[in-house]
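Residue numbers (the working numbering), protein chains in the order written: chain L, 3 to 223; chain D, 3 to 223; chain F, 2 to 215; chain Y, 2 to 215.
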Amino acid sequence: MIQDKNRKREVIVKRIANELKDGDVVNLGIGMPTLVANYIPEGIDIMLHSENGFIGLGPSPKPGEEDKDIVNAGAQPATHIPGAAYFDSSMSFTIIRGGHLDVTVLGALQVDQHGNLANWMIPGKMVPGMGGAMDLVVGAKKVIVAMEHTAKGESKILEKCTLPLTAAREVDMIVTEMGVMLVTQDGLLLTEIAPETTLEEVIAATEAELKISEDLKVMEV
Amino acid sequence: MIQDKNRKREVIVKRIANELKDGDVVNLGIGMPTLVANYIPEGIDIMLHSENGFIGLGPSPKPGEEDKDIVNAGAQPATHIPGAAYFDSSMSFTIIRGGHLDVTVLGALQVDQHGNLANWMIPGKMVPGMGGAMDLVVGAKKVIVAMEHTAKGESKILEKCTLPLTAAREVDMIVTEMGVMLVTQDGLLLTEIAPETTLEEVIAATEAELKISEDLKVMEV
Amino acid sequence: MNKIKTIEEALEYIKDGMTIAVGGFLGVGTPEKLVDAVIQKGIKDITLICNDTAFPDKGVGKWVVNKNVKKVIVSHIGTNPETGQQMNEKELEVELVPQGTLAERVRAAGAGLGGILTPTGIGTVIEEKKQKINVDGKDYLLELPIKADVALLKGSIVDKKGNIYYNKATKNFNSLMATAAELVIVEAEKLVEIGEIDPSDVMTPSIFVDIIVE
Amino acid sequence: MNKIKTIEEALEYIKDGMTIAVGGFLGVGTPEKLVDAVIQKGIKDITLICNDTAFPDKGVGKWVVNKNVKKVIVSHIGTNPETGQQMNEKELEVELVPQGTLAERVRAAGAGLGGILTPTGIGTVIEEKKQKINVDGKDYLLELPIKADVALLKGSIVDKKGNIYYNKATKNFNSLMATAAELVIVEAEKLVEIGEIDPSDVMTPSIFVDIIVE
């Protein structure tokens with residue numbers, strides 16, 4: 003089982019980066035999902051969507067080279083790549099909601115075996131708001147959850163979410179530091195397991211029932 | 003009663019031009035309404051809307067100076083004035099339907115005392131389609147009908163339209179070569195009468211009941 | 002990803018019976034080369050989504066004359082007598098849609114909306130067979146999305162990634178059709194290198210465009 | 002018509018209790034001078050329509066800190082701890098709206114639509130008290146227009162007629178808010194003569210703008 007915090011993140015975001023295909027239009031959520039951009043395989047051409055209003059998000063600017071009119075959806079200074087395009091919020095969500103976004107990668111507080119996702123509030127504690135997440139999860143062709151498998155020792159992969167949902171039955175894939183799970187009609191299917199990790203460890207850390215793929219592979223990260 | 007075809011048109015469009023106010027955003031329909039642009043009083047600033055996608059329609063270009071990318075909604079070569087703006091059809095009808103258009107001037111086949119308008123088809127005979135007319139009549143703050151009072155001796159101002167409607171109860175004002183009529187809660191109110199025209203002539207040419215304003219004026223044209 | 006193809010290559014994606022959305026307003030902003038290529042290839046039974054049927058010798062009006070279409074969904078047919086004639090002879094089905102409603106229905110398809118509520122058409126024949134919904138005491142018609150298999154666009158300036166800039170009154174329905182089709186083909190009036198269109202000025206982002214022809 | 006006014010003159014149109022729509026995304030593209038002037042004048046009981054409540058020291062976040070607002074209609078409050086705190090203490094009403102739904106609701110108001118159908122929020126608390134409409138076997142929420150008394154915009158380049166050009170990521174909600182308010186005030190980063198913005202590149206046509214400040 004991977005213990006190092008940084009190594010956990012690396013395993014998760016590297017694996018997700020390998021999931022992307024040439025030509026994909028991708029939205030990466032704030033936090034860990036953003037790091038996926040650092041591992042996109044050579045030779046494939048990805049267009050990153052920033053929901054504040056552009057496609058063609060580039061790397062962070064060098065200090066002193068920030069443009070006040072270019073930020074990402076987390077208000078961090080950003081850049082655009084050649085061939086980028088800026089637009090208003092209505093077009094930004096036309097892209098998201100209209101099925102023009104191939105992949106969205108988001109963090110989660112909880113996700114369950116039906117593909118339900120909760121990531122926008124903890125009643126009475128923390129209510130950041132959903133921002134663009136509800137639209138992203140409903141609209142993207144493929145929804146990938148990027149998160150650590152557990153929080154404070156508790157499983158985040160449940161039979162049924164207990165927190166208010168971001169969207170119902172929309173998650174396609176969950177990637178954690180322990181493995182890769184697909185949401186299927188029959189529940190969660192573990193298709194890949196992380197290096198240094200045993201099947202027993204994954205099952206013990208997962209509240210939801212896990213089906214194990216007959217073709218279970220080790221995550222290539 | 004005015005008999006000359008050109009004089010009729012002139013009376014109608016001049017009177018409508020006098021109805022426009024400084025700063026008005028105005029859409030002029032194809033045909034006679036277009037001529038209103040030629041009589042806009044000095045010193046008032048009107049923005050003409052062209053539903054194919056711009057605001058700031060200017061006069062026709064000189065022969066040889068046509069720009070293939072600038073036409074009016076009738077596909078005639080057009081120009082734009084300084085400060086014009088081009089946009090797509092969705093913005094064009096946002097302007098129309100969203101209440102951002104002060105005045106629309108349209109022709110009619112029939113109009114009735116309830117403010118119903120028919121101007122887009124004659125079943126079995128002529129079906130040009132409504133184009134932008136249904137949106138214009140529903141959306142504009144003020145709907146002015148510009149037409150001759152009669153067609154082939156028959157009144158075009160009826161108790162009740164018999165042709166398929168363009169919109170129900172949306173017409174505010176009717177201007178013909180015989181006078182100016184307002185659509186009120188109580189029916190049509192004749193507020194102005196054309197020069198060289200008698201009240202008896204107007205009433206005889208109008209199928210709908212006409213209330214006569216106590217303050218009836220002669221059209222200034 | 003190289004999106005640049007010949008017109009012949011692009012035409013391979015267009016089949017008989019498809020629903021095709023075409024940009025342009027009375028032919029202005031219509032990709033005439035693509036329109037002509039469809040005629041030349043003899044594509045049949047097209048359902049056309051367009052603002053109008055243009056003129057007999059211009060834009061999609063030529064498709065009506067050449068009988069490439071079985072149905073048109075448009076706001077206006079008055080400038081093309083051939084459309085009215087074929088309609089009267091029941092050779093051609095014509096669905097007339099108010100222009101603003103047409104724009105919103107195409108946009109709704111592109112934006113993933115289930116429909117929009119418009120006041121336009123209330124009290125007219127446009128109401129027929131449509132759901133009426135009352136909001137705050139006012140009646141609206143529920144108008145549903147219209148989506149196409151293929152969209153044919155005309156771009157004034159197109160970069161090699163597919164970003165489009167529409168000059169002046171050529172925008173019209175082009176930017177809407179771009180969002181509402183499975184496959185989007187743009188005919189570039191001027192093809193430029195990636196980066197030559199200022200990213201703030203792009204009117205249709207490249208991600209909507211599948212094929213670029215010159 | 003001279004639309005150019007001082008900030009003081011423009012502020013005369015803003016009253017306690019008004020619903021004010023403000024452009025910007027986490028403060029980027031927000032008219033900071035107008036925001037500050039509202040604080041300085043001590044306008045109270047504002048209902049704010051904005052993408053978010055920005056940061057305590059930036060954009061409309063300052064209104065929250067200075068208690069100019071009684072209600073916010075936004076998609077996100079996570080970057081401004083003051084919003085959450087006032088919400089928990091019931092000093093501030095917070096209506097959270099999914100960002101894409103917020104964009105469409107503002108647009109619907111501007112476009113004269115009675116509402117739009119979105120799949121976003123189905124199966125979540127957003128459903129509560131909303132009409133569900135099934136189209137072709139799929140459920141959608143009917144979301145209603147949101148309109149403001151006043152919109153405060155930031156324009157990168159504004160001409161003296163009121164045409165606006167938004168640079169890069171400053172477009173966001175500015176172009177939508179412009180359509181959905183009784184009175185529209187734009188703060189120009191750069192004010193230019195009429196005609197200096199290419200008519201094809203205008204992003205908010207002048208007819209939406211009532212007042213220009215520098």
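From the three backbone atoms N, C-alpha and C, an ideal C-beta is built for every residue, glycine too.
Using a C-beta cut-off of 8 Å, the region 214-221 of chain D makes contact with the region 186-197 of chain D, since at least three inter-stretch Cβ pairs fall below that distance. Under the 8 Å criterion on CB atoms, I42/D is classed as non-interfacial with respect to chain Y. With a threshold of 16 other beta carbon atoms within 10 Å, G45/L falls short and is exposed. When only Cα atoms are considered, E83/Y and D71/L end up about 25 Å apart. In the three-state reduction of the DSSP assignment, D211/Y falls in the coil class.
The C-beta of F209/F comes no closer than 8 Å to any C-beta of chain D. Under the Cβ criterion of 8 Å, D160/Y is not counted among the residues facing chain F. About 4 Å separates the Cβ atoms of T106/L and L138/L, confirming a contact at the 8 Å cut-off. Put simply, the CB of L114/Y is near chain F, with a gap under 8 Å to one of its CB atoms.
Look at I198/Y here: in three-state DSSP terms it is coil, with no helix or strand label.
Per DSSP, reduced to three states, the secondary structure at P130/D is coil, with no helix or strand assignment. Not one beta carbon of chain F lies nearer than 8 Å to the beta carbon of A39/D. Within the DSSP bridge table, the entry for L114/Y names no partner. Interface with chain D (8 Å Cβ-Cβ cutoff): G43/Y is excluded. For Q5/D, the secondary structure class from DSSP, reduced to helix, strand or coil, is coil.
For L142/F, the enclosing beta strand (DSSP E) covers residues K139 to E144. In this structure, L37/D keeps its C-beta atom at 8 Å or more from the C-beta atom of V28/D.
A75/L is outside the set of residues whose beta carbon lies under 8 Å from a beta carbon in chain F. Against chain L, the beta carbon of S201/F has neighbours under 8 Å at Y88, listed in chain order.
Each residue's CA atom was taken as its position, placing T81/L and P65/L some 12 Å apart. In the structure shown, D104/D adopts coil according to DSSP, grouped into three states. Membership of D150/F in the beta strand (DSSP E) is indicated by the continuous run A149 to D160. Between G60/F and V36/F a beta carbon distance of about 6 Å is seen, short of the 8 Å cut, so the two are scored as contacting. Note: H77/F is bridge-paired with D53/F in the DSSP secondary-structure output. In the structure shown, E209/D adopts coil according to DSSP, grouped into three states. With its beta carbon less than 8 Å from one in chain L, M2/F belongs to the interface. Comparing C-alpha distances from V129/D to each of L192/F, P146/F, S207/F and V75/F shows the shortest one belongs to V75/F. For F56/L, the three-state secondary structure derived from DSSP is strand.
When C-alpha distances from K16/F are compared across E128/F, N168/F, A149/F and I208/F, the shortest belongs to A149/F. With the criterion set as a beta carbon lying under 9 Å from some beta carbon of chain L, the members of the region 157-184 of chain Y are S157, Y167, N168, K169, A170, T171, K172, N173, F174, N175, S176 and L177, in sequence order. Within the region 105-193 of chain L, the complete alpha helix (DSSP H) segments at least 4 residues long are 135-141, listed from N- to C-terminus. Taking 8 Å as the CB threshold, G111/Y lines the interface with chain D.
Residue contact with chain D for T119/F: present (Cβ-Cβ distance below 8 Å to some residue of chain D). Annotated three-state conformation of S62/D is coil, per DSSP. Residues N52 and S76 of the same chain have their beta carbon placed closer than 7 Å to that of Q100/Y, with the five preceding and five following residues left out of the count. Cβ atoms of N164/F and S157/F stay farther apart than 8 Å, at about 12 Å.
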